[in-house]
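Start counting the sequence shown at 0; every next residue gets the next number (numbering that gives the first Met the number 0).
The block underneath contains the structure these notes are about, expressed in structure tokens.
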Amino acid sequence: MRRLASYMKRYKLFYVIALLMISGSITLDMFNPYLIKRIVDEVIIDGQVHLFSMIITALVAITISRSIFGYIKEYSFDLSASRIIMELRQDMFNHIQKLSFSYFDKTNTGELMSRIKDDTENILNALAFGIMLLIEQSLYFIVASILLFTLNWKLALLTVLIMPILAYIAVNLERKVGETYGKISDQRAALNTTAQENIAGVRLVKAFGREKFEIRKFLKQNRYNYRLNMEQAKVWSKYYPKIEFLSNVVLVMVITVGGFFVIGNEMTLGTLVAFGNYIFMLIWPMRMIGWITNIIAQCYASIKKVEKIFEEEPHIKEPDKPVRPEKFMGHVVFKDVSFEYNGITVLKNINIDVRPGTTIAIMGMTGAGKTSLINLIGRFYDVSSGNVYIDGIDVRNMDLNVLRSNISIVMQDVFLFSDTIEENIKFGVKDVLSEEFISASKDSKVHGFVSKMPYKYKTLIGERGVGLSGGQKQRISISRALLRDSKILILDDATSSLDMDTEYEIQKSLNERKGMTKFIIAHRVSAVKNADEIIILEDGEIVERGNHQQLINLKGRYYDIYNHQFGSMTLYDNEEVV
Ligand code: DCP
Ligand code: MG
0 MRRLASYMKR
10 YKLFYVIALL
20 MISGSITLDM
30 FNPYLIKRIV
40 DEVIIDGQVH
50 LFSMIITALV
60 AITISRSIFG
70 YIKEYSFDLS
80 ASRIIMELRQ
90 DMFNHIQKLS
100 FSYFDKTNTG
110 ELMSRIKDDT
120 ENILNALAFG
130 IMLLIEQSLY
140 FIVASILLFT
150 LNWKLALLTV
160 LIMPILAYIA
170 VNLERKVGET
180 YGKISDQRAA
190 LNTTAQENIA
200 GVRLVKAFGR
210 EKFEIRKFLK
220 QNRYNYRLNM
230 EQAKVWSKYY
240 PKIEFLSNVV
250 LVMVITVGGF
260 FVIGNEMTLG
270 TLVAFGNYIF
280 MLIWPMRMIG
290 WITNIIAQCY
300 ASIKKVEKIF
310 EEEPHIKEPD
320 KPVRPEKFMG
330 HVVFKDVSFE
340 YNGITVLKNI
350 NIDVRPGTTI
360 AIMGMTGAGK
370 TSLINLIGRF
380 YDVSSGNVYI
390 DGIDVRNMDL
400 NVLRSNISIV
410 MQDVFLFSDT
420 IEENIKFGVK
430 DVLSEEFISA
440 SKDSKVHGFV
450 SKMPYKYKTL
460 IGERGVGLSG
470 GQKQRISISR
480 ALLRDSKILI
490 LDDATSSLDM
500 DTEYEIQKSL
510 NERKGMTKFI
520 IAHRVSAVKN
530 ADEIIILEDG
540 EIVERGNHQQ
550 LINLKGRYYD
560 IYNHQFGSMT
570 LYDNEEVV
């Protein structure tokens, strides 16, 4: 709540203007029934015809000024609300960008999307109309009640006593509608998810012949959605006529009782007419009270959810005194490193020393901890114990930006944006020279296939663009990493979809990039055999290490893998293996 208030404070001026406009409109509105009273009592009954044009002019002037006030009021509320939401949404997005990997491990994307989209929308509704109506309708109620009591206290008392009943029904209606609305919006999310997953996974569905099953699943949800909508319609049809009825009862009662007062000369006819007009200023706030409280309650719930995201602290923090090394060499050392995710140990006693410009290859079965190990270098996670040093500085003491900008990584799951190939490769690198760009593309074997495309590097990929093969996507992401030309290059299973020849070509150009310290995670012997050191991970521990020849001589796990992959060709003559 305090956060929202601080945003609102910036737009104080708009709120002051809006409040003035509301007060102005209400004051003018209060004149209307009074002027009508004078028309009835003075012009019609007393026959003072000369007053007529004056009163009509006043009525017209009031109507015009009122619409101007109304316009300025709406504009101030809408403008300030839209700006506040824009700022809030941006701040939320910026904050989410700062959060660490571990936060995204436990939060699903759909949930974050709905925070950014739906919850901010709820807050917007409250800021744009909820609060405005609350202030406006409360003022109408108070001022109109006072006027009614001054006109005729007995009649006013009678009217005011019925109001709580009206409010009660309206609040009940809104509560019931709110309940079904909650169900409908959950159900709508489920319907969306089903449709979206089905469409995203349409190939899988077709391949497994699951179309009928999916259609039935969707039909079931669609029917449920229909039933909920009907439920809501029933709530309306049950409560709404009651509200209408009661509103009319108030009016009829006032006219009946008031009629007797007029006949008994206790009040003038004009006063009764004015009374009838003021009553609407009481009825409307009552009818709207449920709606307004609902909007404000929804806003409150959304603020709490949004607040939770803001309270989320990034686990990986910039050090208090960040060290910025003069020259980044890329000497990576792991000293007694252990690492756990939520209490489960994934890496144990890892000791490695990767000198600048050398290559270390990491092999191991799926789930052995390979990705976890390389994630510690750029501090996507922090070690549980031990240290990771780069050029002798613990990474936790290094300026985070310096650290990460000196690491190029090709992640295991390739992600390309719906943009051109060029933008996907340049990602985050400014002022690229065309030679650098072409050399990165050539080294990653992107240049060849892109040159054959009609729009070359300007070809759009993703939803609105061309489709790419798994290997092409991998090559683009390698190109992206090479273009950054960092001191440390990490390839996490980056060549798994490539044929041996292409993989070999890429390996060869990587070997020529001498200044880089390279981490290569791979499953194929051909991808690791030239590394200066190969480590084999098993359940988070290094179980074998050495260069290709040493490991072959060891006749351990590496030797088994080697035999497994090349057994049918040759056993020892590794020169033939590419
Ligand atoms: N793990 C986890 N939470 C994560 C990532 C992984 O609990 N966010 C667990 C799953 C595995 C272990 O950590 O049991 C090691 O996971 P890695 O991703 O490090 O495993 P690999 O990279 O070696 O496996 P793969 O070859 O499948 O990529
Ligand atoms: Mg992995």
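Glycine included, every Cβ here is placed at the ideal spot set by N, Cα and C.
With a cut-off of 8 angstroms on the beta carbons, I'd call residue i and residue j a contact; round off their distance for me.
i: Lys517; j: Leu488; result: 5 angstroms
i: Ile130; j: Lys72; result: With a Cβ gap of about 12 angstroms, Ile130 and Lys72 do not count as contacting.
i: Ala166; j: Met252; result: The pair is not a contact, with the Cβ atoms about 17 angstroms apart (cut-off 8 angstroms).
i: Asp40; j: Gly269; result: 3 angstroms
i: Ala524; j: Gln473; result: Residue identity check: residue 524 is Val in the sequence provided, not Ala. In fact, because the Cβ distance is near 19 angstroms, the residues do not count as touching under 8 angstroms.
i: Ile294; j: Ala125; result: 5 angstroms
i: Ile242; j: Ile168; result: 6 angstroms
i: Thr193; j: Phe212; result: The pair is not a contact, with the Cβ atoms about 12 angstroms apart (cut-off 8 angstroms).
i: Ile183; j: Gln231; result: 7 angstroms
i: Ser443; j: Ser383; result: Actually they are not in contact, since the Cβ atoms of Ser443 and Ser383 sit about 35 angstroms apart, beyond 8 angstroms.
i: Asn386; j: Lys486; result: Going by Cβ atoms, the distance from Asn386 to Lys486 rounds to 19 angstroms, so no, they are not a contact pair.
i: Asn396; j: Pro318; result: 5 angstroms
i: Asn171; j: Tyr238; result: 7 angstroms
i: Arg187; j: Asn228; result: Actually they are not in contact, since the Cβ atoms of Arg187 and Asn228 sit about 10 angstroms apart, beyond 8 angstroms.
Please confirm whether residue i and residue j have their CB atoms less than 7 angstroms apart.
i: Ala57; j: Met280; result: no
i: Ser75; j: Ala17; result: yes
i: Asn423; j: Ile475; result: yes
i: Ile161; j: Thr119; result: no
i: Glu540; j: Lys334; result: no
i: Ala360; j: Ala530; result: yes
i: Val609; j: Leu482; result: Summary: the structure shown does not reach residue 609, with the chain confined to residues 0 through 577, and so no result is reported for it.
i: Val353; j: Arg378; result: no
i: Ile535; j: Met362; result: yes
i: Val401; j: Arg323; result: yes
i: Gly514; j: Gly356; result: yes
i: Thr370; j: Gln411; result: yes
i: Ile61; j: Arg37; result: no
i: Lys582; j: Thr501; result: Residue numbering for the chain in the displayed model covers 0 to 577; residue 582 lies beyond these limits and cannot be assessed.
DSSP on residue i, reduced to helix/strand/coil?
i: Asn603; result: This structure gives no information on residue 603, because the portion of the chain shown stretches from 0 to 577.
i: Lys513; result: coil
i: Asn341; result: coil
i: Asn350; result: strand
i: Ala169; result: helix
i: Gly23; result: helix
i: Thr179; result: helix
i: Glu575; result: Low local confidence applies: a pLDDT of 46 at Glu575 is under 50, so the model's placement there is unreliable, and no value is given.
i: Thr149; result: helix
i: Ile437; result: helix
i: Phe518; result: strand
i: Asn423; result: helix
i: Thr358; result: strand
i: Ile534; result: strand
i: Ile487; result: strand
i: Tyr557; result: helix
i: Glu312; result: coil
i: Ser5; result: helix
i: Ser496; result: coil
Please identify the residue among the options whose C-alpha is closest to the C-alpha of residue i.
i: Tyr102; options: His314, Val449, Lys455, Gln471; result: His314
i: Gly366; options: Tyr340, Thr357, Asn171, Val59; result: Tyr340
i: Ser66; options: Asn562, Gly23, Thr106; result: Gly23
i: Ser52; options: Phe68, Ser64, Leu34; result: Leu34
i: Glu311; options: Asp412, Lys97, Glu243; result: Lys97
i: Ala273; options: Ala155, Asn228, Val527; result: Ala155
i: Met29; options: Phe259, Gly461, Lys554, Leu150; result: Leu150
i: Gln506; options: Ala439, Leu467, Tyr454; result: Ala439
i: Leu27; options: Ser64, Asp319, Met364; result: Ser64
i: Val331; options: Phe259, Ile343, Ile376, Leu227; result: Ile376
i: Met452; options: Asp77, Glu434, Glu421, Lys425; result: Glu421
i: Leu111; options: Thr501, Arg88, Tyr299, Leu123; result: Arg88
i: Met499; options: Gly181, Gly447, His522; result: His522
Only counting the same chain, and skipping five residues up and downstream in sequence, which positions put a Cβ closer than 7 angstroms to that of residue i?
i: Tyr581; result: Outside the shown range of the chain (0 to 577) lies residue 581, about which nothing can therefore be said.
i: Thr158; result: Leu147, Val249, Val253, Ile278, Leu281
i: Asp538; result: Ala367
i: Glu306; result: Arg2
Who are the near neighbours of residue i in its chain, counting only those whose CB is closer than 6 angstroms to its CB and skipping five residues on each side?
i: Val408; result: In the sequence on display, residue 408 carries Ile and not Val. Excluding residues within five positions, the ones whose Cβ falls inside 6 angstroms are Ile489.
i: Lys583; result: Because the chain is modelled from 0 through 577, residue 583 falls outside the range shown and cannot be assessed.
i: Leu271; result: Gly257, Val261
Give a yes or no on whether 7 angstroms exceeds the smallest Cβ distance from residue i to chain B.
i: Thr501; result: Absent from the structure is chain B; it holds one protein chain and no more.
Residues near ligand 3, criterion Cβ-heavy atom distance below 5 angstroms: Absence of ligand 3 is noted for the structure shown, with ligand 1 and ligand 2 being the only ligands found.
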